[in-house]
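K.L.:
Just dropping this structure here.
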Amino acid sequence: MSKPLVLVLALALGALAGPVAGAITASPARAASFPCDRAEAPDEKAICAHLPLNDRDVEMATRFEILKSVLPMGGQAKLRDDQEAWLTERRACGGDAGCLTAAYDARLKVLRGVLAEFAKQGP
């Protein structure tokens, strides 16, 4: 197994340990990227009210944090810019669970792809 892949896997396991442990012990009032008890926007309320959306939010936030920690500076800036653009798209969905599901699925596909490409890089 290549060193970059081992690093990515180790970071992924470490990053997932917190959300997974928190999901087991915490109340459903917490999504990965924001506290549900402070949700005000329709998209945030829908994410907190629908477990499948909450699960997608947990995965998206975890993948985002992993990538933020392993990408070089230029890649981090693009990642943040893309995330801000995606958040604007997510907010436009309002409380529409179908729209939010599609938005999360599209963003997760991108984040999974970036992580897979990063893992392919050699030492």
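So that you can map any letter, position 4 of the sequence shown is 1188 in the working numbering, and since no number is skipped, the others follow by simple counting.
Built from N, CA and C at the ideal position, the CB exists for glycine as well.
Could you tell me how far apart the beta carbons of LEU1331 and LEU1237 are, in whole angstroms, since I believe they sit closer than 8 Å?
P.N.:
The question about residue 1331 has no answer here: the residues shown for the chain are numbered 1185 through 1307.
K.L.:
Mind checking which residues open and close the alpha helix (DSSP H) that includes LEU1255?
P.N.:
The residue given as residue 1255 occupies position 71 in the sequence shown. Element bounds for LEU1255: n/a, residue is neither H nor E.
K.L.:
What does the Cβ neighbour count give for GLU1323, buried or exposed, with the cut at 16 atoms within 10 Å?
P.N.:
Limits of the chain in this structure are 1185 at one end and 1307 at the other, which puts residue 1323 out of reach.
K.L.:
Alpha carbon to alpha carbon, how far is ALA1276 from PRO1226?
P.N.:
Your numbering for residue 1276 matches position 92 in the sequence shown. Your numbering for residue 1226 matches position 42 in the sequence shown. The C-alpha of ALA1276 lies about 9 Å from the C-alpha of PRO1226.
K.L.:
How would you label MET1185, buried or exposed, when you count the other beta carbons within 10 angstroms and need 16 or more for buried?
P.N.:
Position 1 of the sequence shown, counting from 1, holds the residue named residue 1185. A caution first: MET1185 carries a pLDDT of 48, below 50, which makes its placement in the model too unreliable to give a value.
K.L.:
Nearest to ALA1300 by alpha carbon, out of ASP1266, VAL1254 and ASP1239?
P.N.:
In the sequence shown, the residue the question calls residue 1300 occupies position 116. Comparing Cα-Cα distances from ALA1300 to each of ASP1266, VAL1254 and ASP1239, the minimum goes to VAL1254.
K.L.:
Do you know offhand how far THR1246's Cα is from GLY1279's?
P.N.:
The sequence position of residue 1246 within the sequence shown is 62, counting from 1. The sequence position of residue 1279 within the sequence shown is 95, counting from 1. So the two alpha carbons sit approximately 23 Å from each other.
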